[in-house]
Amino acid sequence: MDIKRRLDDFAHSYIYIGLIGIISLIFWYTRNQKIAYYCITFFLVLTPLLSKDAKTILAVAPFAMSCYQGFVNMSEMPFEMIITIIGLALSVIIYLVRNIKHIKVKFNGSIISYSLLLLALGCFIATVIRHIFYNQPAFPNSGYETVYNIKYGYLLSLIVLAMALFSLFISSCNDLKHQAFFSKVFFVFGLYLFTQLVIAVITKKSFDFKEIYPFIAWCEKNSMAIAIEMCLPFIACLYSKNFKRIDLLCLMAGLLFFVITGGSRGGQVTTIFMMPLLLYIVLHQTKHKYRNFITIMLLIGFIGFLSYFNIPIVKVNIDRLILKGLDVTGRDIFWKWIFDYTYNDHRHLLFGGSPVFLIEINSLFNKTFVINPWLCHNTFMTCLAAGGTFGLLAIVYHFIESFVGIIRRGGLDKIAILTFTFVGLVHGMIDNTFFYILYMIPYIIILSTINKPWNKVM
Numbered sequence: 067m068d069i070k071r072r073l074d075d076f077a078h079s080y081i082y083i084g085l086i087g088i089i090s091l092i093f094w095y096t097r098n099q100k101i102a103y104y105c106i107t108f109f110l111v112l113t114p115l116l117s118k119d120a121k122t123i124l125a126v127a128p129f130a131m132s133c134y135q136g137f138v139n140m141s142e143m144p145f146e147m148i149i150t151i152i153g154l155a156l157s158v159i160i161y162l163v164r165n166i167k168h169i170k171v172k173f174n175g176s177i178i179s180y181s182l183l184l185l186a187l188g189c190f191i192a193t194v195i196r197h198i199f200y201n202q203p204a205f206p207n208s209g210y211e212t213v214y215n216i217k218y219g220y221l222l223s224l225i226v227l228a229m230a231l232f233s234l235f236i237s238s239c240n241d242l243k244h245q246a247f248f249s250k251v252f253f254v255f256g257l258y259l260f261t262q263l264v265i266a267v268i269t270k271k272s273f274d275f276k277e278i279y280p281f282i283a284w285c286e287k288n289s290m291a292i293a294i295e296m297c298l299p300f301i302a303c304l305y306s307k308n309f310k311r312i313d314l315l316c317l318m319a320g321l322l323f324f325v326i327t328g329g330s331r332g333g334q335v336t337t338i339f340m341m342p343l344l345l346y347i348v349l350h351q352t353k354h355k356y357r358n359f360i361t362i363m364l365l366i367g368f369i370g371f372l373s374y375f376n377i378p379i380v381k382v383n384i385d386r387l388i389l390k391g392l393d394v395t396g397r398d399i400f401w402k403w404i405f406d407y408t409y410n411d412h413r414h415l416l417f418g419g420s421p422v423f424l425i426e427i428n429s430l431f432n433k434t435f436v437i438n439p440w441l442c443h444n445t446f447m448t449c450l451a452a453g454g455t456f457g458l459l460a461i462v463y464h465f466i467e468s469f470v471g472i473i474r475r476g477g478l479d480k481i482a483i484l485t486f487t488f489v490g491l492v493h494g495m496i497d498n499t500f501f502y503i504l505y506m507i508p509y510i511i512i513l514s515t516i517n518k519p520w521n522k523v524m
């Protein structure tokens with residue numbers, strides 16, 4: 067085996083992914099944010115030197131977004147994070163150079179290429195139209211109208227375009243080998259998240275999410291739930307291939323426990339919907355899978371019943387979920403703003419308020435002048451706000467394109483990828499998944515590895 071093959075195999079290995087995870091965990095625990103960013107930058111540059119397969123960037127991505135402390139606003143980005151962004155750009159360049167050198171670059175489309183480009187186009191058109199025809203604050207006399215600046219609409223449109231171009235980059239520089247790579251990454255990432263949660267519980271001597279998440283610091287309850295939900299389908303996929311891996315079963319159970327007791331209603335509801343899919347992933351290659359499926363679902367229901375009456379933290383969270391019911395905790399306020407702005411003025415009907423509208427909503431709802439887009443706790447509302455009716459239709463087409471593409475062209479881990487996408491859709495009805503960087507970067511990488519001919523609309 068030549069050295070290039072050895073390095074490529076190493077970049078796709080548990081050892082390399084685990085090394086990134088361990089280093090990230092160390093600097094998260096020691097609260098050394100600057101060194102964490104520098105280490106992530108190092109791995110971003112090293113990975114394409116080891117392998118020209120662009121999907122290996124996923125070995126770094128989830129750890130890069132969970133090894134720091136605190137939340138970062140666009141207007142307060144630390145210098146170290148800027149260095150990491152430069153490292154990411156350099157990484158992309160190295161991948162491209164290596165693939166061009168080996169004549170491997172083919173301008174391939176993926177199952178999400180059309181829709182992401184369409185969404186980016188919609189955002190740009192919306193910004194240009196607002197700039198020309200109604201270049202004024204959406205909420206005049208609110209006290210927060212000074213955050214309006216059309217240049218932020220162009221900047222955020224460029225970010226959406228960058229997402230689309232990133233998808234094209236992955237699909238054009240993707241190696242079809244190493245089909246189990248995604249499962250390896252999310253197994254290690256799941257272990258990493260579980261370790262963070264256990265350390266937080268031991269340190270705070272509590273399972274109360276109000277104490278745990280301020281200690282973890284990089285996330286709140288919804289972010290952690292989304293991160294865990296990303297891991298579960300791929301861990302289940304690994305377990306379906308080897309039922310002797312009891313460690314995988316224990317890890318799934320531990321992560322599910324933290325979602326159920328974590329206080330995120332979006333996470334709890336999504337997990338309930340996801341459970342049958344996870345079980346199907348585990349059983350789909352076994353004999354009598356449907357009989358086993360029904361039996362185990364009944365067993366899970368029984369265990370849940372016992373847990374409710376015997377584990378206080380489970381009872382508290384289930385009672386809270388039932389008590390809250392359909393209460394959207396204030397989301398209806400800014401959802402109404404979006405509807406009113408888009409449909410009460412015919413000028414806004416087709417393209418809405420452009421992405422800058424998301425910054426205006428953030429300021430008014432949270433009473434802050436921080437320049438940061440407000441993802442509207444609903445994927446479809448976010449797209450309606452940023453691109454009007456055109457943006458809404460673009461995101462509907464995107465999800466149709468995604469699900470149809472996975473079913474028709476998905477690889478060996480088709481069901482896991484389908485569940486991963488389902489998580490983003492369902493959880494995105496009440497929290498932020500689409501456009502949320504922790505979910506969006508892995509989402510683009512994974513779905514962009516499923517190629518689709520350019521002449522196929524669906």
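Positions 67 to 524 (this note's numbering) are the ones given, in order, by the sequence shown.
The beta-carbon is built from N, C-alpha and C at its ideal position, and this holds for glycine as well.
- When DSSP states are grouped into helix, strand and coil, N517 belongs to the strand group.
- Fully enclosed beta strand (DSSP E) runs of no fewer than 3 residues are not present anywhere in the stretch 188-231.
- Excluding the 5 residues flanking it on each side, F465 has same chain C-beta neighbours closer than 7 Å at L491, in chain order.
- Closest in C-alpha terms to V194, from the list L416, I106 and N444, comes L416.
- If you look at N165, you'll find it in the alpha helix (DSSP H) that goes F145 to K167.
- 8 Å or more divides the Cβ of I282 from the Cβ of L504.
- Beta-bridge partners assigned by DSSP to S176: N517.
- The continuous alpha helix (DSSP H) containing T445 extends over residues T445 to R475.
- The C-alpha of Y103 is placed about 22 Å away from the C-alpha of I294.
- For G333, the secondary structure class from DSSP, reduced to helix, strand or coil, is helix.
- Non-local beta-carbon contacts of V348 in its own chain, meaning distances under 8 Å to residues more than five positions away in sequence, involve A302, Y305 and S306 in chain order.
- From the listed residues A228, F486 and N165, the smallest Cα separation to S249 is found for F486.
- By the CB criterion at 8 Å, L222 and V422 fall inside the cutoff.
- Contact check for I160 and L115: beta-carbon distance about 6 Å, within the 8 Å limit, so the pair qualifies.
- A Cβ-Cβ separation of about 29 Å leaves F400 out of contact with T327 under the 8 Å criterion.
- Across the structure, K271 and P439 are spaced so that their CA atoms are roughly 35 Å apart.
- In the DSSP annotation of this structure, the continuous segment of the alpha helix (DSSP H) that includes R397 starts and ends at R397 to Y409.
- Using a Cβ distance threshold of 8 Å, N498 and L441 count as a contacting pair.
- Residue I278 holds the alpha-carbon nearest to the alpha-carbon of V264 among V251, I278, V254 and L314.
- With contact defined as three or more Cβ pairs closer than 8 Å, the stretch 249-259 and the stretch 205-218 are not in contact.
- In the DSSP annotation of this structure, the continuous segment of the alpha helix (DSSP H) that includes P299 starts and ends at K287 to K307.
- Cβ neighbours of T269 within its own chain (closer than 8 Å, five residues either side excluded): F281.
- In its chain, beyond the 5 residues on either side, F275, Y279, G328, G329, S330 and G333 have a beta carbon closer than 8 Å to the beta carbon of K287.
- Between G494 and the set S238, T448, F431 and M363, the nearest pair of CA atoms involves T448.
- Residue burial annotation: K433 is exposed, with fewer than 16 other C-beta atoms found within 10 angstroms of its C-beta.
- If you draw a straight line from the Cα of I496 to the Cα of G477, it is about 30 Å long.
- In terms of CA proximity to D75, A246 leads the group M340, A246 and H443.
- In this structure, S79 lies away from L110, with their beta-carbon atoms at least 8 Å apart.
- Boundaries of the alpha helix (DSSP H) around M318: I312 to I326.
- Per DSSP, reduced to three states, the secondary structure at W94 is helical.
- Out of I461, A120 and F501, the CA that lies nearest to the CA of C239 is found in A120.
- Around the CB of N165, 16 or more other CB atoms lie within 10 Å, so the residue is classed as buried.
- Around the beta carbon of K518, 16 or more other beta carbons lie within 10 angstroms, which makes this residue buried.
- The stretch 403-416 makes no contact with the stretch 360-380; the number of CB pairs closer than 8 Å stays below 3.
- In this model, Q202 and L315 are separated by some 55 Å (Cα to Cα).
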